[in-house]
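K.L.:
Residue numbers (this note's numbering): 2 to 721.
(1) For residue 507, does the three-state DSSP call read helix, strand or coil?
(2) Just to check my reading of the structure: residue 185 and residue 498 have Cβ atoms closer than 8 Å, yes? What is that Cβ distance to the nearest angstrom?
(3) Spell out a yes or no on whether the stretch 514-523 and the stretch 552-572 are touching, meaning 3 or more CB-CB pairs, one atom from each, closer than 8 Å.
(4) Buried or exposed: where does residue 440 fall if 16 or more other Cβ atoms within 10 Å of its Cβ makes it buried?
(5) Pull up the distance between the alpha-carbon of residue 524 and that of residue 195, whole angstroms please.
(6) Within its chain, find whatever has a CB closer than 6 Å to the CB of residue 444; leave out the 5 residues flanking it on each side and keep chain order.
(7) Is residue 496 near residue 478, with beta carbons less than 8 Å apart?
(8) Sort 633, 686, 62 and 607 by Cα distance to residue 216 and report the nearest one.
(9) Considering only C-alpha positions, which residue in the set 457, 603, 639 and 660 is nearest to residue 624?
(10) May I ask you to report which of helix, strand or coil DSSP gives residue 453?
(11) How big is the Cα-Cα spacing for residue 273 and residue 236?
(12) So what does DSSP say about residue 360, is it helix, strand or coil?
(13) With distances taken from CA atoms, which of 103, 68 and 189 is nearest residue 559?
(14) Are the Cβ atoms of residue 408 and residue 259 separated by less than 8 Å?
(15) What three-state label does DSSP hand residue 622 in the structure shown?
(16) Could you tell me the boundaries of the beta strand (DSSP E) in which residue 26 lies?
(17) Going by beta carbon distance, what residues of the same chain come within less than 6 Å of residue 41, once the five residues before and after it are set aside?
(18) With respect to the alpha helix (DSSP H) encompassing residue 472, which residues constitute its N-terminal and C-terminal limits?
(19) I'd like the span of the beta strand (DSSP E) that includes residue 183, first residue to last.
(20) At the level of alpha carbons, what is the spacing between residue 720 and residue 707?
(21) Which residue marks the beginning of the beta strand (DSSP E) containing residue 653, and which one marks its end?
(22) Which runs of the beta strand (DSSP E) fall wholly inside the stretch 153-177 and span at least 3 residues, in chain order?
(23) Give me whichever residues DSSP pairs with residue 348 in a beta bridge.
(24) Mind checking residue 159: buried by the 16 CB within 10 Å criterion, or exposed?
(25) Whose C-alpha, out of 663, 704 and 676, is nearest the C-alpha of residue 689?
(26) According to DSSP, is residue 324 helix, strand or coil?
(27) Please return the same chain residues whose Cβ sits closer than 7 Å to the Cβ of residue 115, not counting the five positions on each side in sequence.
(28) Starting from residue 548, trace the alpha helix (DSSP H) both ways and give me its first and last residue.
(29) Could you check what DSSP says for residue 280 in three-state terms: helix, strand or coil?
(30) Tell me the rounded alpha-carbon separation between residue 647 and residue 713.
(31) Could you round the C-beta distance between residue 110 and residue 313 to whole angstroms and report it? I think they count as a contact, below 8 Å.
(32) Considering Cα atoms alone, identify which of 630, 232, 270 and 561 is closest to residue 218.
(33) Apply the 10 Å Cβ neighbour rule to residue 530 and answer buried if 16 or more other Cβ atoms are within range, or exposed otherwise.
(34) On a CA-only basis, which of 43, 565 and 412 is nearest residue 587? Give me that one, please.
(35) Is it true that the CB of residue 27 sits closer than 8 Å to the CB of residue 61?
(36) Apart from the five residues on each side of it in sequence, which residues of its chain come closer than 6 Å, Cβ to Cβ, to residue 131?
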């Protein structure tokens, strides 16, 4: 059993004797911090305003409050901070709503201290409410015009502290990470259309866990679950604008009462673990949902927490900014936010405060039972620059030292996915949105897995545009994308993910819906001549390549049921049927959706029951044949230069019985010859992607050695 009780040095914590609550806040550049304690989350002035003191020799501010003064913690405690610094200096006679001590909204070092804006605690395990609950345009949180003088303490989100007791969470039996089959999903999409009272919530997901298990998946990767404002920028459905890295999103909870949201999250994890399913969280440490400049006016910024506490410590700052264009007046003496993330700001992982926040946050969620973490735009954690231009280093950056930092916090990290180990898995999205050298696939430390977009693009082309790839590209994918990962078992292979088309749409549309908000035209996609048999073969071929390649396969859970977004390839802002799953057609026997559903389930189970496909040395077990059953020397044959070679056979050496994968990208029928089976054995067909009926993987006798592949198809044989 895993105990969820874990204490960090920062935030609010109950002392060991239970007689006082200690509040600690990191701020290197603050000159004074005032702790404000409230009885209610909205509408009231603070009951207490307590000056904090800087712990000698550190950048930590601290104060304590006796529990009897907090009504013995029988009710949640609501609190926040007013912080003073170089641009707004502390005066004993300061009064909220005034400019006493004010020097500038932002100074040359990028400080944005403003004691008229209440900051929530970055380590809070819960926020009382969201900024948009009280100000949809964020005006009361902004520093432009006269807003900088407005005291927002009555309305601002408060940090919530309550008496929390340790909970036991079931642990999953240890297994090699290479054996995982990952389903990526938005928690609300999963159950929103189901006839259950708890639909769209943590509890709804918990109830659905047995169904996910029956589908064959072993791990669920949830889109962001850390607290975010879902109304940000009009609609922020996916959640990639995190406000609090320690709090679960309240609006996903069935029981939204204070002090209950985290318990419900734990209940969900426990339910998944009891079904043998691991839980992965998509985490966004490269930027926050807070800091941004409005209308190119550097004096007008959003101030919610981190920027108020220590703007130059938490964020990367630059002299100039081109957000939304470069047609504004330059004010180089006042620092702008750097934004290689493409989301208004970049966090500062070279700073001690944010460096520790990332490690503390990951450790906290690991102690809540989370088994893996997918780091959005993880290249940001490889940035070692203290200047304005990013410099990426896999050896000296936060991503290099995160494992050792987590070990200090009692969390083990898996360092070899090929063997069964206790610990969490670190998964990188190995690129970011801007800046030089921002694509780092294959360059992360050895104990990181990485999303593999090379597999995505090659698999799509292999099924949709065979003349755009050569046979060396195909071999590269089956062997675990050696061109990037070399001898590292590091690939998370996928065809589609939340970014871009669903699998159905990738094979049904030749271009995106032009009404897609912010969608790009990069998609490798096809309408497959609007013919169902061609589409079905293409999808099954893509799935077969995914599950028969070296690396860990990942799918959107909606792709197994052929969910369509009607051509929308950037549905981040759609809290509607565009994203919600409908399982009806997948459960309708004989339908196109049901055939794909059954084929995919059988394919997953085939991979799981034949461990050779998830073995570390899988690439060493492969030999290659041409259509005449002659061995191919992949190092000497002109596989890279000849795009007209359309067939390759792959023999998979396995203990007791071999497999043979016949791959064709030819637009017409293609005859080939299988290699001779071992003495006393014959080849049997397991499945042919072009055969609508044969999706059970039941062995079918095959006589002779010649076989005719249908156009652009893939067939798997078993030697028995």
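A virtual CB, placed ideally from N, CA and C, is assigned to each residue, including glycine.
P.N.:
Let me lay it out:
(1) helix
(2) 6 Å
(3) yes
(4) exposed
(5) 31 Å
(6) 395
(7) no
(8) 607
(9) 660
(10) strand
(11) 29 Å
(12) helix
(13) 189
(14) no
(15) helix
(16) 21-27
(17) none
(18) 472-479
(19) 183-186
(20) 15 Å
(21) 648-653
(22) 160-162
(23) 316
(24) buried
(25) 663
(26) Reliability fails at residue 324, whose pLDDT of 45 lies under 50, so the model's placement of it is uncertain and the value that follows must be treated cautiously. DSSP places residue 324 in coil when its eight states are reduced to three.
(27) 89, 144, 149, 304 and 309
(28) 533-548
(29) strand
(30) 9 Å
(31) 6 Å
(32) 561
(33) exposed
(34) 565
(35) yes
(36) 230
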